[in-house]
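J.: With the UniProt record's numbering, the residue at position 180 of the sequence shown is 180, and numbering never jumps.
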Amino acid sequence: MSVYPFVKVLVKMLFKILFKVTIVGKENVPQEGNGVLCCNHISNFDPLTMAVYLDRLPRYIAKKELFQNKILGALLRNLQAFPIDRQAVMDMKAFKTAINVLKGGELLGIFAEGTRVKEGEDKAAKAGVAMFALKGDAPVIPVAISGSYKFRSEIRIEFGEPLTLEEYRGERITTDLMEEVTEKIMGRVREMKVKL
1 MSVYPFVKVL
11 VKMLFKILFK
21 VTIVGKENVP
31 QEGNGVLCCN
41 HISNFDPLTM
51 AVYLDRLPRY
61 IAKKELFQNK
71 ILGALLRNLQ
81 AFPIDRQAVM
91 DMKAFKTAIN
101 VLKGGELLGI
111 FAEGTRVKEG
121 EDKAAKAGVA
131 MFALKGDAPV
141 IPVAISGSYK
151 FRSEIRIEFG
161 EPLTLEEYRG
171 ERITTDLMEE
181 VTEKIMGRVR
191 EMKVKL
């Protein structure tokens, strides 16, 4: 039995007390069918925040170290997250899981920078987001998060219009293509973040 409905209610109540959360563009997240939520990353709370304010539970990719904590690992697994080995050149198990998530019509959540990045800083994104979207034949929903998880501070999340990536479908997936697609996606995330 999933703890998601319980966690969703509990976290929303808690966040209402602790923070001011503003959500923009939730209608851009499809109610059914697949999609890749590609987001900047400011805090470990980001996936939980997005998960409880959406109507669908995204399947998040999380660094394997988080699953080594028994309690956190159990919670992550119950929320349908799956681990990735960031030290591996290509974690085939995580890659196959991500593609199966998309082929199964689910939402995949990914923080393309691969780690948390402080407000005002910039970090090159990893090309996995492009690979997942192209191989999984999925639109990408750019997501920008801004703010601080400090008591009574504001957290703003904007879900942008989906990028279909139609112009890249059918092309041979090369390193150059993945970098181009990743830059297009993250360029949109950065544009949105500046306006938040």
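Glycine included, each C-beta is placed from N, C-alpha and C at the ideal position. Being a predicted model, the structure only gives us computed values, none of them experimental.
Taking 7 Å as the limit between beta carbons, can you name the residues of its chain near residue 219, skipping five residues before and five after?
T.: Residue 219 is absent from the model: the chain starts at 1 and stops at 196.
J.: Taking the alpha-carbon positions, what's the Lys-26 to Glu-158 distance?
T.: When rounded, the distance between both Cα atoms is 7 Å.
J.: Can you list, in chain order, the residues of its chain whose CB lies under 7 Å from that of Val-11, leaving out five sequence neighbours each side?
T.: Leu-48, Val-52
J.: Figure out for me which residue from Thr-97, Lys-8, Met-92, Lys-193 has the closest Cα to the Cα of Gly-147.
T.: Lys-193
J.: State the DSSP-derived secondary structure class of Pro-83, mapped to helix, strand or coil.
T.: strand
J.: Would you identify the three-state DSSP class for Thr-97, choosing helix, strand or coil?
T.: Three-state result, Thr-97: helix.
J.: Provide the residue span of the alpha helix (DSSP H) that contains Thr-175, from first to last.
T.: Looking at the DSSP string, the run of the alpha helix (DSSP H) that includes Thr-175 is 175 to 195.
J.: Using the C-alpha atoms, what's the distance from Lys-70 back to Ala-144?
T.: 30 Å
J.: In three-state terms, what does DSSP make of Glu-35?
T.: The sequence given here places Gly at residue 35; Glu does not occur at that position. Strand, per DSSP.
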